[in-house]
Each structure stands twice: as C-alpha cells, then as structure tokens.
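Take the sequence shown: its letter number 156 is residue 182 in my numbering, and every next letter is one higher.
Even glycine gets a Cβ: it sits at the ideal position worked out from N, Cα and C.
Below you'll find the structure, written out as structure tokens, and then a few comments.
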Amino acid sequence: MKRIMVIGVSSGVGKSTFARRLGEVLDINVYHLDAFFWKPNWVQASIEEFSEAQQEIVNQDQWIIEGNYTPTFGVRTERADTIIYLELPLHICLYRVLKRWIKNIGRTRPDMGKECKEKIDWDFIKFILTTYSPRKKKMVERIQEFQARDSKTVIMLKNKQEIKSFFENFSR
27 MKRIMVIGVS SGVGKSTFAR RLGEVLDINV YHLDAFFWKP NWVQASIEEF
77 SEAQQEIVNQ DQWIIEGNYT PTFGVRTERA DTIIYLELPL HICLYRVLKR
127 WIKNIGRTRP DMGKECKEKI DWDFIKFILT TYSPRKKKMV ERIQEFQARD
177 SKTVIMLKNK QEIKSFFENF SR
C-alpha cells in the first residue's frame with residue numbers, strides 16, 4: 027500500500043478522517059480532493075485544473091488521495107495500488123454531515139479549499155438523500171471493475187467495526 031484511494035458512498039461517510047488516520051499509520055502524505063476542487067469562496071476549479079492537480083500527486087511514489095469526484099477516477103485508478111471504499115448507512119452519513127457543520131460553523135476545515143467556510147443547505151442534504159442508493163449500487167459496480175480489470179487491492183469497509191478492525195490490524 028503506497029498509492030491509496032479512499033472513496034465512499036456519500037458525504038459524511040468518513041473519508042477524510044479515515045485517510046488522515048491511515049496517513050499517520052503509514053507515514054504517507056494525504057491529499058483531500060475537496061482542497062483541489064474548491065477555490066476560495068466555493069468557486070469550482072475547472073476539470074482541467076482539477077485533473078492536473080491530481081496528476082501531479084499520482085506521479086509521486088506514494089500518496090493517499092481522499093474523495094470521490096468520479097469524473098476524475100481514471101487519473102487516480104491508473105496509478106493506485108489500493109482502493110479503500112467506505113460504506114456506512116445513510117443515517118450515519120447525514121448525522122456526521124450535520125455534526126461537522128455544527129462543529130465548524132464559520133471556519134474552513136483543513137481538508138477543504140481555502141476560504142471555503144463550512145456551510146450546509148437544503149440542496150446538499152437533498153443531494154445526499156437522493157444519490158445515496160444509486161451511488162451505492164454504482165460504487166459496487168466500480169469496485170468490481172477495479173478488481174477484475176486492474177487486479178488492484180480493494181478493501182471494502184461497511185461498518186464502524188470493520189473500520190476499527192482495519193486499524194487494529196496495523197498495530198499487531
């Protein structure tokens with residue numbers, strides 16, 4: 027595990043936290059895609075800028091890249107040796123999104139673009155609610171494709187206990 031993608035079913039599933047922890051355990055730099063996609067004040071980067079930023083990272087010998095952004099999966103999957111997929115229930119994802127918002131009101135999280143103060147709105151909640159099930163199905167298909175086509179190591183963690191066990195295995 028030297029070039030690792032951390033992806034998940036939804037916002038709030040714990041990709042950023044998981045990636046940070048894994049980075050500490052493996053002593054590998056962690057890159058959060060939100061920090062590359064969002065320019066100051068919630069302005070989106072162009073697909074070209076976003077892809078180029080990722081290309082610079084994936085050309086390194088080791089990295090952990092956290093985030094979905096499926097239109098640019100190819101940039102990362104081409105060089106990744108390990109893909110870790112997190113899938114927790116919808117209610118946990120929603121709870122974590124709300125908790126994150128309350129905890130960070132008026133501040134920019136370290137895994138976000140500069141000057142992107144924490145926010146939440148109905149469109150974001152609606153996005154999570156309406157895309158969770160279709161995304162869950164699509165992610166499983168993608169994971170199967172990654173395994174079949176590229177023979178990459180794929181780790182699927184579907185509950186808090188599996189995540190806890192994953193990290194406990196490193197300390198043994």
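Residue i (DSSP reduced to helix, strand or coil)
i, result
"residue 125", "helix"
"residue 186", "helix"
"residue 86", "coil"
"residue 139", "coil"
"residue 165", "helix"
"residue 118", "helix"
"residue 144", "strand"
"residue 105", "coil"
"residue 113", "coil"
Distance between residue j and residue i (C-alpha atoms, nearest Å)
i, j, result
"residue 12", "residue 137", "The structure shown does not extend to residue 12, since the chain is modelled only from 27 to 198, so the question has no answer here."
"residue 169", "residue 180", "7 Å"
"residue 178", "residue 150", "32 Å"
Residue i versus the options, residue with shortest Cα-Cα distance
i, options, result
"residue 7", "111, 63, 193", "Only positions 27 to 198 of the chain appear in this structure, which leaves residue 7 out of reach."
"residue 135", "31, 42, 28, 36", "42"
"residue 182", "84, 110, 157", "110"
"residue 171", "99, 73, 40, 184", "99"
"residue 66", "126, 50, 133", "133"
"residue 147", "158, 161, 128, 174", "128"
"residue 107", "40, 173, 191, 188", "173"
"residue 27", "39, 53, 37, 155", "53"
| query | Should the region 29-42 be regarded as contacting the region 78-98, the criterion being three or more beta carbon pairs within less than 8 Å? | reply | yes
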